[in-house]
Amino acid sequence: GFVNQREVEVDTANFSTALRAALRQDPDVILVGEMRDLETISTALLAAETGHMVFSTLHTLDATETIQRIIAVFPPPEQKQIRLQLAATLKAVISQRLVRKSDGIGRVPACEVMISTGYIRDCVINPDKTRMIRDAIAAGTSQYGMQTFDQSLYELYSKELITYDEAMMRASNPDEFKLRVQGIRSTADAAREEMERAISEFERGPNR
């Protein structure tokens with residue numbers, strides 16, 4: 016196969032212009048270095064809607080913030096339509112934090128993985144449910160292979176790849192992480208179980 020690259024300010028004026036030009040070449044995969052502005056995000060969504068596989072990066076803390084950041088770029092009157100487009104095209108969000116290894120040599124990635132399941136798509140579409148994405152990720156570990164940052168950190172800590180102090184410093188919710196290490200049931204456990212029930216009911220549908 017062939018890889019075509021465009022460098023901003025050398026081959027093209029900006030990201031969005033390069034992306035629109037790339038669509039005319041019927042590419043199989045498009046890599047957008049970073050989705051910086053409304054026009055670039057709009058064109059990336061259009062590319063995904065027309066059947067192209069699009070990869071990109073965004074500087075955010077986690078999957079939920081990624082969704083919120085993309086939507087917030089657009090004016091409020093357009094956000095409902097953008098939520099629908101995003102729900103229809105988004106396949107996954109993978110976020111990472113580089114964590115210092117316990118031996119002091121190098122770093123290891125703690126990864127949050129969100130897969131676009133039916134329930135996740137519903138959370139993207141519904142503004143009142145977007146905040147539930149993190150709990151949906153935590154509840155989708157066994158069935159869909161998703162994981163939150165704190166679940167990833169706990170696994171790294173359990174394997175002694177990182178220290179407890181480093182995990183606590185990087186955790187999204189240090190108090191919940193501490194309780195998990197101590198084997199104490201927390202509100203996060205209750206939230207995950209409640210979310211598992213909600214997802215199960217959602218997947219069964221209203222007529223089942």
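Using the working numbering, you'd call the opening residue of the sequence shown number 16 and step up by one each time.
The C-beta atom is built at its ideal place from N, Cα and C for all residues, glycine as well.
Leu113: which of Ala107, Leu176, Val123 and Lys106 sits nearest, CA to CA?
Numbered from 1 along the sequence shown, position 98 holds the residue referred to as residue 113. The candidate whose alpha carbon is nearest that of Leu113 is Val123.
Assuming Arg185 contacts Ala107 (C-beta within less than 8 angstroms), just tell me the rounded distance between them.
On the sequence shown, residue 185 is found 170 positions in, with the first residue counted as 1. On the sequence shown, residue 107 is found 92 positions in, with the first residue counted as 1. Actually they do not touch by this definition, with Cβ atoms about 22 angstroms apart.
In whole angstroms, give me the CA-to-CA distance for Ser187 and Gly121.
Sequence index remark: in the sequence shown, residue 187 carries index 172 (1-based). Sequence index remark: in the sequence shown, residue 121 carries index 106 (1-based). About 22 angstroms.
State buried or exposed for Thr163, treating a residue as buried only when at least 16 other CB atoms are found within 10 Å of its CB.
By one-based count along the sequence shown, residue 163 stands at place 148. Burial call: buried.
Proximity to Glu62 [Cα-Cα], best of Phe17, Ala33 and His74
In the sequence shown, counting from the first residue as 1, residue 62 sits at position 47. This sequence places Ala at residue 62; Glu is not what is there. For the residues Phe17, Ala33 and His74, the minimum Cα distance to Ala62 belongs to Ala33.
Look up Val123 in the DSSP assignment and say whether it is helix, strand or coil.
Numbered from its first residue, the sequence shown carries residue 123 at position 108. Strand, per DSSP.
Can you list, in chain order, the residues of its chain with a C-beta nearer than 6 angstroms to that of Phe217? Leave out the 5 residues immediately preceding and following it.
In the sequence shown, residue 217 corresponds to position 202, counting from 1. Once the five neighbours on either side are set aside, the close Cβ partners of Phe217 are Tyr134.
Candidates Arg84, Val69 and Glu64: closest to Leu76 by CA position
Reading the sequence shown from its first residue, position 61 is the one you call residue 76. The shortest C-alpha separation from Leu76 is found at Arg84.
Can you give me the C-alpha to C-alpha distance between Thr81 and Gly198, rounded to a whole angstrom?
Position 66 of the sequence shown, counting from 1, holds the residue named residue 81. Position 183 of the sequence shown, counting from 1, holds the residue named residue 198. Taking the straight line joining both Cα atoms gives about 31 angstroms.
Nearest to Gln166 (by Cα), restricted to the options Met50, Ala153, Thr145 and Thr178:
Translated into positions along the sequence shown, residue 166 becomes position 151. The shortest C-alpha to C-alpha distance from Gln166 to any of Met50, Ala153, Thr145 and Thr178 is the one to Ala153.
State the start and end residues of the unbroken beta strand (DSSP E) segment that holds Met50.
Here residue 50 is taken as the residue at index 35 of the sequence shown, counted from 1. Taken as a continuous stretch (DSSP letters only), Met50 belongs to no beta strand (DSSP E), as it is neither H nor E.
Is the beta carbon of Lys116 closer than 8 angstroms to that of Leu176?
Counting from 1 along the sequence shown, the entry for residue 176 is found at position 161. Counting from 1 along the sequence shown, the entry for residue 116 is found at position 101. Against a cut-off of 8 angstroms, the Cβ pair of Lys116 and Leu176 comes out as a contact.
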